[in-house]
Every structure is written in structure tokens, then in C-alpha cells.
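Engineer: The numbering used here applies: residue 40 is where the sequence shown begins, and numbers increase by one. Note that CB positions come from ideal geometry on N, CA and C, so glycine has one too. Let me give you the structure first, and then I'll get to my questions.
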Amino acid sequence: MKRAATNLLALGSTAYAYTSSAAGSKSGCYWNTEAGSFNTRFGHDFSLDLYGTVQDLLPNTYTVLAGLNPLARRFDLVNIGLDPLDLSLTLTVPGGQTTGPISVAQLETEYSDILYASVRTVAKISNVPGTTNAFIFYANDTQEVDFAFLTSDISKAWLTNEQTSYGSPYTTYSVAAPADANTAWHEYRLDWLPGVSKFYIDGVLVQTITDNVPTTPGSWIWNNWSNGNAWTQGPPLADSVLKIRSIDAYFNRTSVADTINSNPLLCPAVAASSSSSSVAPSSSSSSSSVASSSSASISSSSSSIASAAPSSIKSSSSSTISTTSSSSSSSVVAANTAPATVSFTTITTAWTGTYTATSTAVSGLAATVYIQTPAKKGQVISTSSTAKASYTTVTTHSGTASTIGYVTATPRAAGATTTVTIVYPTPVTTCGNQGINFAAYTNKYSGGQATYGYPSFIPETYKKVSPWFSDDTTYIAESNDAYGDWINVYGYYPVDGSNLVLDHTFYLFASQTGYYSLNIPYTDDIQFVWVGANAVSGWTRANADIVQFWSSQIATQTPQTLAYYLTVGQYLPIRVMWGNGGGQGDLRFNIYAPDGSSVLSSNAGQNSGISSVDIVQNPCNSALGAKFPTWGKET
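This is the structure:
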């Protein structure tokens, strides 16, 4: 068994001076730091931008059962706040709690595919006894690295690689913490690298651990917690507050590495240098045409983030890959925004299932609704008479293609299946434009939905209203059962969906030439769609292209669908607004490509959905489409 690493700093040495580690420099697809090269950078400085935007952090809201500990603990959104005097993010464990679950605080990266990192956190540690303040890499209980402080004795920092197996060495060490850890800012840096974990305080290496080093991707966590056990010695009698001034993190994310590897010709800067110091789990001579960057609004002037929105720290995935390549370019002409009517055919058949199944297939201007009902005794079960195809079609997207291409793979054996690969171009995403922007509002017209058509709902009145919260998403959907039904809305929880308005803006990139179909299969209470110039500016109830509403006078809603003819390379601006006036609510929206494939879809009743890479917030080239106006300042 190997010996654990030796403590590098005597516990008596507490004279630290705040020093920031050198920031990484960008080269091609990577950030180069003194710890190595990484494919993603994440961070925020609250001293410079307290109420601004924070990328890729999720507030945790779940309960950890007590198990063998005295008390359970529950991560609550209300314990995450902002300190306008000390210009910092705060994680609080409220004092005076005596029964579980103890209300605590935790933030986590939205992505959990981090494989090696260098993370620098500038913080003030709480000196109120009874909690643990920690900065953690976590994949599971045997793949974990901790940089922790026990607030009962903040003269020490506890540094740990958790045991990877029962027989592995115990690798927890204590080193001297700064004498003024609770009153002065200090940088706590953790480098998790292949075969080693390194811990720094104000740029000074204080511990190296080479046993029990994790090898499994996971997420990064910042927390302040207590469960009453001997370790935390809590709960605290008074509020215990961990303050974070800034985070500067460099990650290697496996999904980003995969993207880089799949696009080997778009990273000339890295290819030229071919650095050998990279710790990235990928080739250093590759790149990607895919980059997304998304942010969450922090608009509150209160010390509590929760007062601004259900969660002001949240975002969809962010990658820092960028490239100067103008991928997926083509000659662009104005989109044909004159809507065309989609005709529907309904086919009802009996099947072996015990329930009625309904599905819709849209291709160009033709749509088919398939209804399968449980077969009655003696009824003939419908079967297809179509012969088995002798080929398989595979669809893929390429950021380097400007036209649609076809690749046929000849079978190796006579009579075997032939594969035809269709390669579609994709939009340029090097400006971090992937996804859909959305804003949430309280419905000022609640109660009017009982009147047929919901005439009191005037969508344009929200143009100058600051949203309750705003962010971006990768789908459009909402579902709630009744009044006071707390739901998750695009990663924000808890939200009462019974009195809610959601506005969405995005561009559809045409990777094919033909009719794209926009479809509202069902809504509750009202939904509007604007397409083209009116989606960006000038939108009103009167000029909406699609309107769908719920009414007790309508037994079954008819899906509302319009199709728009686009050619490869065009961008079409779209706005989707939905309002629920009370009680149950339902929002769905789908887009189908000319070949019938799904570009954007909602999962009915599940508050979820998916979108393709062809959905972007705006074109990177403003000549191809203007950005939508800022929420609250629309025209």
C-alpha cells in the first residue's frame, strides 16, 4: 500500500497573504493554466458584478436522509443570497434549528461530466460553530475530493481524497488555515489532475495527495451544511454564512472533448502548438464548431437571490470552445414567411395495446395522425404490408457543410443492408447562441380564461414589464395540475404554474430546403406564435400567426399548424408566448423539418422536451438576423 502524501505546511504557519492564481489564457479550443490545459472555463466575480449574470450553476433543492447521522439535511433555495455590503454570494445555514431536516445551502455545476479541473474560490469562511464550508469535486462517495473547513475550528483546513475502496489508505489531512479566514478574502484552489490532487491557499501549495485520486467524471460543488454529527458539531446557534467573492474554474468536460474530437480540422491554434502539457482527455489538435454559453439573470436588489426569482443562478450547459471558421455558411435570401396550411389525415387502427395511443407525423404540408385503439375480441389487428427496406437511412449534422450531402455505404456482403447517411449543415454557434431565450411573468390577466377566447389577455402589454425571471432553455413546455401546484420551469423550482406567463424567442436555422411546420397540439389556457419580423418587433395579439386557446366549450382542441418554406442557410425568427389564467396549465410546441424529423418537441405533461442544433437564440452574424430586444425593453 502506498503511503499518503506528506503535509507540506506546518500547522503553526498561518501567515497567508491573499494572492490570486494567474488566470488562464485562451489558445484555440483550450484554456492554458499553470495546472495544464482545459477545454472549458467557468466563473464569476461578484465584487465586480453582484447582480449580473452567473453561468452554469444550479442551486440544489433536495433532502439528504439522516441515515446514521443525528439529523437529515435539506438544501433550500432561500439560503442562497447576495451580500450588497461585502459584494459576495452567500450560502447560509440559519441558526437555532433543533430538529431535522436542517435547512442548508449548496450550489453545483449544471454539468456532471468534469474530468480534471483547476478551481479557484475566493471566500470568507464562517466562524459560527456547527457547519462545514466546503468546495468539492463529487462523482460518488468513492470518487470525491474535498477542500473543507469546520466552522467549530477554522484554524485548520481539511483536505481529502475519499477512499476509493475499503482497503485503500485514509487520505484526509489538516493544514493551517489563514488566521483571518473569517474576516479577509483568501483564495482556495483545488487542482484535480491525473494521479494527483493539489491544494493551494493564496497560491501556496499546502498539500499533495496521490492516493485515492478520482478517475470518474462528476460535478463541482460549493456548500455550507450541518447534520448534527460529530464532524460538523451543529446545528449552529446563529446564522452560519459562507461568503464567496469569486470563482475562476477551468474544467475538462468529456462532452466538450468528444465534440472537439469529432471536428478535427477546426482548431489551428492548438494544432500548431500541439501542447504536451494538456490534461484534456482528448486530442490537442482538434476543435469544434459547437459552442454554447448561457446565463441566468440576477435582477434583485435584495440580499436574497430567492426574492428575485425561484433561482437566479441557473443555466443550461456552457462550452468554451470557439473557432473563427464560418461553418455552415450559404447564400441567404429572405425567408418565405407566408404561412401555408398543413393538411391532416387521421388513420385509426386496432392494436394489441390496452390503451389508446396517438402520434403525429408531419412532413412538408402533409400530416398524419395515427390513432391506435385496443382491439376488441375477434377484431383484425392492423399490420403493415410494406416490404422490409433494403437500406437504412442515417441523418447527421455537420457544422462544416453548407449544402446537404449524401454518403452511401456499400454493404460488404451481397443482400446486406446498405446505409445512406444524409449530412445536413448546422448554424454557426461560436458566439454562444444555442438554445431558446425565455422570460417568466406573473399573469396580470388571471381569471379571464373562463371567457371564450380569453379576450382579456393582451400579450403586447408585457413588452415593457421586467420579467420575474429569465434565462434560456432547450425546449418549450409547461404542465401543472392545479392551483398552488409547485413545478419545475426550465430548471427553476419552485414555481406556481397556475398564474404564469412564459415568453420564448429564438431562430430556426434551415438545414433543409422545404416546408417547416410549426405546431401547437394543445394548450391551456392560451398560446400565441409570431413568425418573421413581427416576432422580433411589433408583435400584438392582432397580428399573431397562430393562436390556440382552451375553452370549456371546446370538447377537443384541433392542433394548430402552419408551414413556412425555407431554403438551406436561412434563419427564421419565432416568438412563442403562453399564459395560464388559473388552475391547470399546459404548454406544448413542436417544429417539424421538411423530411418529417423533429426540430423542437414537447413531452406532453412532463415539463420537458428536446430541440435540435438548428434552434438558436440568434444568428452569430447579425446580417442574417437581429438579436431580439432585451426583456422589458421590447418594441
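(1) Applying the 10 Å Cβ sphere with the 16-neighbour rule, what's the burial state of Trp617?
(2) So what's Gln488 in DSSP terms, helix, strand or just coil?
(3) Among the candidates Gln94, Val295, Leu110, Ile649, whose CA atom is the shortest distance from the CA of Ser509?
(4) Since I believe Gln145 is in contact with Phe114 (beta carbons under 8 Å), could you give me their beta-carbon distance rounded to a whole number of angstroms?
(5) Measuring only the C-alpha atoms, how far is Thr171 from Ser265?
(6) Reducing DSSP to helix, strand and coil, say where Asp287 ends up.
(7) By the DSSP assignment, the alpha helix (DSSP H) with Thr293 in it spans what residues?
(8) For Val638, tell me which candidate among Val652, Tyr561, Leu232, Leu89 has the shortest Cα-Cα distance.
(9) Measure the beta-carbon distance from Asp564 to Gly620 and round it to whole angstroms, keeping in mind my assumption that it falls under 8 Å.
(10) Where does Thr249 sit, in a helix, a strand or coil, going by DSSP?
(11) Measure how close the beta-carbons of Ile286 and His83 come, nearest whole angstrom, since I'm counting them as under 8 Å.
(12) Write down every uninterrupted run of the beta strand (DSSP E) in the stretch 620-652 whose length is 3 residues or greater and which is fully enclosed by it, in chain order.
(13) Can you give me the C-alpha to C-alpha distance between Asp675 and Ser640, rounded to a whole angstrom?
(14) Measuring straight from C-alpha to C-alpha, what distance separates Lys666 and Val245?
(15) Are Leu276 and Gly169 close, meaning C-beta to C-beta below 8 Å?
(16) Whole angstroms are fine: how far does the CA of Gln202 sit from the CA of Asp182?
(17) Is there contact here, the stretch 569-583 with the stretch 528-540, by at least three beta-carbon pairs under 8 Å?
(18) Taking 8 Å as the limit between beta carbons, can you name the residues of its chain near Ala74, skipping five residues before and five after?
(19) Looking only at its chain, what residues have a beta carbon closer than 7 Å to the beta carbon of Ala583, apart from the 5 residues adjacent to it on each side?
(20) List the residues that DSSP assigns as beta-bridge partners of Arg80.
(21) Label Trp70 either buried or exposed according to how many other C-beta atoms from any shown protein chain fall within 10 Å of its C-beta, with 16 as the threshold for buried.
(22) Give me the Cα-Cα distance between Ala643 and Thr247, rounded to the nearest whole angstrom.
(23) Scan the stretch 194-262 and note each continuous alpha helix (DSSP H) run of 4 residues or more that stays entirely inside, going in chain order.
(24) Which residues does DSSP list as the beta-bridge partners of Thr562?
(25) Could you tell me the alpha carbon to alpha carbon distance between Lys502 and Thr674, rounded to whole angstroms?
(26) Closer than 7 Å by C-beta to Tyr101: which residues in its own chain qualify, once you throw out the five before and the five after it? Chain order, please.
Structural biologist: Answer, in terms of the structure:
(1) buried
(2) helix
(3) Gln94
(4) 5 Å
(5) 6 Å
(6) strand
(7) 293-300
(8) Val652
(9) 5 Å
(10) coil
(11) 6 Å
(12) 624-627, 629-631, 637-642, 647-650
(13) Summary: the structure shown does not reach residue 675, with the chain confined to residues 40 through 674, and so no result is reported for it.
(14) 48 Å
(15) yes
(16) Residue identity differs from the one stated: residue 182 is Gln in this sequence, not Asp. Roughly 8 Å between the two C-alpha positions.
(17) no
(18) Ser157, Asp230, Leu232, Lys237, Tyr289, Val318
(19) Phe567, Val568, Trp569
(20) Tyr289
(21) buried
(22) 51 Å
(23) none
(24) Leu626
(25) 7 Å
(26) Phe114
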